[in-house]
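Encoded as structure tokens, the structure appears first; notes follow it.
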Amino acid sequence: MADLIEILDRPVLEAAPLLLGATFRHGGVTLRLTEVEAYDGPNDPGSHAHNGRTDRNAVMFGPPGHLYVYFTYGMHHCCNVSCGPEGQPSAILLRAGEVVEGLETARARRGRSTDRDLARGPGRLCQALGIDRDDNGIDLRGVLEPGPPVAGISSGPRVGLRKAADRPWRFWIPGDPTVSRYVAAKPR
DNA sequence: GTGGGGATTTACT
DNA sequence: GTAAATCCCCACA
């Protein structure tokens, strides 16, 4: 089984699909990742790091294997794994997964939700795992464990972006019920 | 100091 | 399908 840092210390477009099938433990809940998206630093208009380093996105510029958590829409958190050599601001958004441990805890955090929807979408995923801004920057060694290689990975455009909406940098395990559905950005 | 926008989710018609 | 919820971040003045 591949080492986490070995996977993350390479270009984000190579690393992202390799995280599918990995397990992620936090707050008493374990997830099997089924859907991720790649954000490729300064060359990616859709990335938070596109306009350089700020207080918020600093973790993206740091060493690989740390959690970048941000708050959005006034009510949701999203979490990413920093990737690539230090100084290269790329990250992988954890979009969805299947709860494989801590089901009761996840249900309690998510309130009224079907088991399928517990971590189906980045905001739901963070809520199920109890992730918030206090977890920004945490070291993921021993937390995120790569799994065996997954065959037949699908890719397509990222969800909800107005910028760079054409880049097919979303990766998921085809047929898995916990993968979120594609939603284009709403026109203003 | 101000204002536009957002890597979303949920409930309601 | 559409709308509302809700607040932090950041660019610009």
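Take 4 as the starting number for the first sequence in the working numbering and just add one per residue.
Note that beta-carbon positions come from the ideal geometry of N, C-alpha and C, so glycine has one too.
All figures in this text were calculated on a predicted structure; none of them were measured in a lab.
L7 - containing alpha helix (DSSP H), residue span: Counting from 1 along the first sequence, the entry for residue 7 is found at position 4. Element bounds for L7: 7 to 11.
field: Limits of the beta strand (DSSP E) - the one that V15 falls within
entry: The residue you call residue 15 lines up with position 12 of the first sequence. That residue, V15, is in no beta strand (DSSP E); its alpha helix (DSSP H) goes 15 to 21.
field: Per DSSP, the bridge partner or partners of G159
entry: Taking the first sequence and counting its residues from 1, one reaches residue 159 at position 156. Looking at the DSSP output, G159 bridges to R173.
query: Out of curiosity, what's the CA-to-CA distance linking T181 and R119?
result: For the purposes of this step, residue 181 is taken as residue 178 along the first sequence, with counting starting at 1. For the purposes of this step, residue 119 is taken as residue 116 along the first sequence, with counting starting at 1. Distance between the alpha carbons of T181 and R119: 6 Å.
C-alpha distance - R136 paired with D58, whole-angstrom precision: Indexing the first sequence from 1 puts residue 136 at position 133. Indexing the first sequence from 1 puts residue 58 at position 55. The alpha-carbon of R136 is positioned some 13 Å away from that of D58.
message: Please state the DSSP three-state secondary structure of A131.
response: Against the first sequence, residue 131 aligns to sequence position 128. Helix, per DSSP.
- prompt: Hey, which unbroken runs of the beta strand (DSSP E) at 3 residues or more fall wholly within the segment 76 to 126?
  reply: 79 to 86, 93 to 104
query: Since G159 and G24 are thought to touch, with beta carbons under 8 Å apart, how far apart are those beta carbons, to the nearest angstrom?
result: Translated into the one-based positions of the first sequence, residue 159 becomes position 156. Translated into the one-based positions of the first sequence, residue 24 becomes position 21. That belief does not hold up - the Cβ atoms of G159 and G24 are roughly 18 Å apart, past 8 Å.
message: Tell me the rounded alpha-carbon separation between T75 and A52.
response: Locating residue 75 in the first sequence gives position 72, counting from the first residue. Locating residue 52 in the first sequence gives position 49, counting from the first residue. Looking at the two C-alpha atoms, the distance is approximately 16 Å.
- request: Go through its chain and collect everything with a Cβ distance to L21's Cβ below 8 Å, but skip five positions before and after it.
  value: Walking along the first sequence from the start, residue 21 turns up at place 18. Taken in chain order, the residues that qualify are A5, I10, P149, P152.
- request: From the DSSP output, read off the bridge partner residues of T37.
  value: Indexing the first sequence from 1 puts residue 37 at position 34. Under DSSP, T37 forms no beta bridge with any residue.
message: Quick check on D142: does DSSP put it in helix, strand or coil?
response: In the first sequence, counting from the first residue as 1, residue 142 sits at position 139. D142 falls in the strand class under three-state DSSP.
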